[in-house]
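Chemist: A single structure is presented below for examination.
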Amino acid sequence: MEDLLKEKLWFYIIHNNPDLMFTLQEDYSVLDYLNEKISSVKSILDDMLFDGTPKYIIEEICLNVLTEDLKPSRFLYIRSLLSDEFEKTYTAFQESGILTYEVMNLMENCRPVFETIGFTKENEEDPNLRNALIGQIADYLN
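Numbering (our numbering), first residue to last: 19 to 160.
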């Protein structure tokens with residue numbers, strides 16, 4: 019079960035937090051990170067296994083705990099803004115195979131906005147945040 023959770027967590031990181039993926043790979047700390055995360059849910063996992071909880075429920079609960087600090091995803095948010103507000107650019111990036119690379123560049127470019135306004139589940143729908151990021155993206159693209 020632990021190996022399955024590591025696999026699913028890594029899959030989640032690849033698709034939702036590629037910035038973290040690249041950082042972990044650069045530092046050669048992927049396994050350390052995954053092992054540390056899995057150890058943080060070990061007691062929950064062991065309790066549910068002991069209680070006979072169905073594996074799919076264990077998996078879902080553990081993954082929710084494991085990914086809690088990775089949400090909301092700045093990567094997905096920026097990619098969504100790019101897709102919604104800069105459709106031609108988004109399509110061009112996607113077709114040329116540089117979408118992930120450019121979204122990560124945009125994340126870095128938008129870091130001051132995220133740090134000033136913050137980015138949490140509570141404010142990800144905030145129009146001020148959205149508009150500030152759209153402006154920052156427009157500056158980057160021009």
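Just so you know, even glycine gets a beta-carbon here, dropped at the ideal spot from N, CA and C.
All of these numbers come straight from a predicted model, not from anything done at the bench.
Please report the distance separating the alpha-carbon of residue 145 from that of residue 135.
Modeler: Residue mapping note: residue 145 aligns to position 127 of the sequence shown, counting from 1. Residue mapping note: residue 135 aligns to position 117 of the sequence shown, counting from 1. Residue 145 and residue 135: Cα-Cα distance of roughly 11 Å.
Chemist: Using only alpha-carbon positions, find the residue among 60, 47, 72 and 132 that is nearest to residue 153.
Modeler: Indexing the sequence shown from 1 puts residue 153 at position 135. The candidate whose alpha carbon is nearest that of residue 153 is 132.
Chemist: Note down, in chain order, each residue of its chain lying with its Cβ closer than 7 Å to the Cβ of residue 104, except the 5 sequence neighbours on either side.
Modeler: Mapped onto the sequence shown, residue 104 falls at position 86. The residues are 155 and 159.
Chemist: Confirm, please, whether the CB-CB distance from residue 59 to residue 83 is below 8 Å.
Modeler: Sequence index remark: in the sequence shown, residue 83 carries index 65 (1-based). Sequence index remark: in the sequence shown, residue 59 carries index 41 (1-based). Yes. Within cutoff.
Chemist: Can you confirm whether the region 25-35 touches the region 76-93 when touching is taken to mean that 3 or more C-beta pairs between the two stretches lie within less than 8 Å?
Modeler: yes
Chemist: Use the C-beta contact count for residue 91: other C-beta atoms within 10 angstroms, 16 or more gives buried, fewer gives exposed.
Modeler: Counting from 1 along the sequence shown, the entry for residue 91 is found at position 73. When all chains shown are included, residue 91 counts as buried.
Chemist: Applying the criterion that 16 or more other CB atoms from any shown protein chain within 10 Å of the CB defines a buried residue, is residue 129 buried or exposed?
Modeler: In the sequence shown, residue 129 corresponds to position 111, counting from 1. Burial call: exposed.
Chemist: Smallest Cα separation from residue 62: which of 150, 23, 149 and 142?
Modeler: By one-based count along the sequence shown, residue 62 stands at place 44. Nearest of 150, 23, 149 and 142 to residue 62, Cα basis: 23.
Chemist: Alpha carbon to alpha carbon, how far is residue 99 from residue 149?
Modeler: Locating residue 99 in the sequence shown gives position 81, counting from the first residue. Locating residue 149 in the sequence shown gives position 131, counting from the first residue. Roughly 10 Å between the two C-alpha positions.
Chemist: For the candidate residues 27, 147, 143 and 157, whose alpha-carbon lies nearest to that of residue 78?
Modeler: Within the sequence shown, the letter at position 60 stands for residue 78. Of the candidates 27, 147, 143 and 157, the one whose C-alpha sits nearest the C-alpha of residue 78 is 27.
Chemist: Hey, how far is the Cα of residue 20 from the Cα of residue 106?
Modeler: Here the question's residue 20 lines up with position 2 in the sequence shown. Here the question's residue 106 lines up with position 88 in the sequence shown. Answer to the nearest angstrom: the Cα atoms are 42 Å apart.
Chemist: Closest by CA to residue 137, which one among 113, 89 and 112?
Modeler: Taking the sequence shown and counting its residues from 1, the one referred to as residue 137 is at position 119. Of the candidates 113, 89 and 112, the one whose C-alpha sits nearest the C-alpha of residue 137 is 89.
Chemist: How many angstroms separate the CA atom of residue 71 from the CA atom of residue 126?
Modeler: Here the question's residue 71 lines up with position 53 in the sequence shown. Here the question's residue 126 lines up with position 108 in the sequence shown. Rounded to the nearest angstrom, the two C-alpha atoms are 42 Å apart.
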